[in-house]
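Structure record follows, encoded as structure tokens.
So, in structure tokens, the structure goes:
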């Protein structure tokens with residue numbers, strides 16, 4: 001199930017400083 | 019103009035810029051077009067899915083950078099978005115019609131306009147009914163003269179839903195929704211002469227928005243089952259998450 005939400009998690013987790 | 023409560027000003031500040039959003043989505047469509055040209059013209063439906071997917075990405079970005087939401091753990095953020103994405107997407111489409119659109123046509127985020135009669139004529143019964151009910155909701159919101167400030171509040175009202183299951187920070191989410199409701203009520207009282215009845219009408223519109231968003235999800239799920247939905251994008255991921 002974790003893999004299913006990979007895109008949303010990526011969008012929420014992304015680091016703005018990079 | 020009417021005095022805008024501080025919280026409503028903060029909400030407005032979080033809103034994405036419409037022109038920037040338009041440019042970003044058009045650029046993305048042009049990027050994808052390179053891939054399409056090598057095969058064949060994209061179907062209208064898959065084009066619409068790409069646009070909806072990009073709108074959804076912008077909704078996630080809006081939420082992620084917004085006041086209160088930033089304070090939540092990612093797990094709660096995901097639960098709220100899984101629950102509210104289709105209402106937020108539909109509100110985005112509908113508010114664009116009220117703020118920038120004109121009667122009888124659907125204004126896309128790309129700036130293009132499509133005749134509503136054309137959509138209803140070419141669509142199957144499910145999409146035709148969805149379009150017509152959506153249009154009725156647009157008319158109601160138009161009569162209520164819902165403005166940018168109110169749409170901005172409504173987005174937070176939808177996002178911070180304390181009824182979502184298994185929230186870790188239920189307290190904060192409930193308190194934000196109460197604050198949003200108070201700010202919206204305070205603002206509508208300063209703008210409207212009919213006071214409470216207009217606020218109640220607004221809440222009724224929100225329950226119609228909710229049932230329309232369920233219909234929209236059903237429609238997209240049907241399209242997915244018949245193999246017409248593009249895969250591996252945020253739109254299909256959100257659809258799956260709700261079914262799981």
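Chains as they are written, first to last, in this note's numbering: chain A, 1 to 18; chain B, 19 to 262.
C-beta atoms are modelled at their ideal positions from N, C-alpha and C, and glycine is treated no differently.
Are the C-beta atoms of residue i and some chain A residue less than 8 Å apart?
i	result
residue 31 (chain B)	no
residue 88 (chain B)	no
residue 82 (chain B)	yes
residue 78 (chain B)	yes
residue 260 (chain B)	no
residue 96 (chain B)	yes
residue 194 (chain B)	no
residue 182 (chain B)	no
How is residue i classed by DSSP in three states: helix, strand or coil?
i	result
residue 199 (chain B)	helix
residue 92 (chain B)	helix
residue 137 (chain B)	helix
residue 41 (chain B)	helix
residue 34 (chain B)	coil
residue 5 (chain B)	Outside the displayed range of chain B (19 to 262) lies residue 5 (chain B), so it cannot be described from this structure.
residue 86 (chain B)	coil
residue 110 (chain B)	helix
residue 5 (chain A)	helix
residue 171 (chain B)	helix
residue 247 (chain B)	coil
residue 22 (chain B)	coil
Let's see if you can read the secondary structure: which residues bound the alpha helix (DSSP H) around residue i?
i	result
residue 224 (chain B)	214-243
residue 252 (chain B)	252-261
Quick one: give me the first and last residue of the beta strand (DSSP E) that residue i is part of.
i	result
residue 124 (chain B)	123-125
residue 131 (chain B)	131-133
Anyone know if the C-beta pair for residue i and residue j falls short of 8 Å?
i	j	result
residue 175 (chain B)	residue 196 (chain B)	no
residue 73 (chain B)	residue 127 (chain B)	yes
residue 149 (chain B)	residue 137 (chain B)	yes
residue 206 (chain B)	residue 21 (chain B)	no
residue 36 (chain B)	residue 85 (chain B)	no
Report yes or no: is there a C-beta of chain B within less than 8 Å of the C-beta of residue i?
i	result
residue 12 (chain A)	yes
In chain order, what residues of the segment 208-233 of chain B put their CB closer than 9 Å to some CB of chain A?
none
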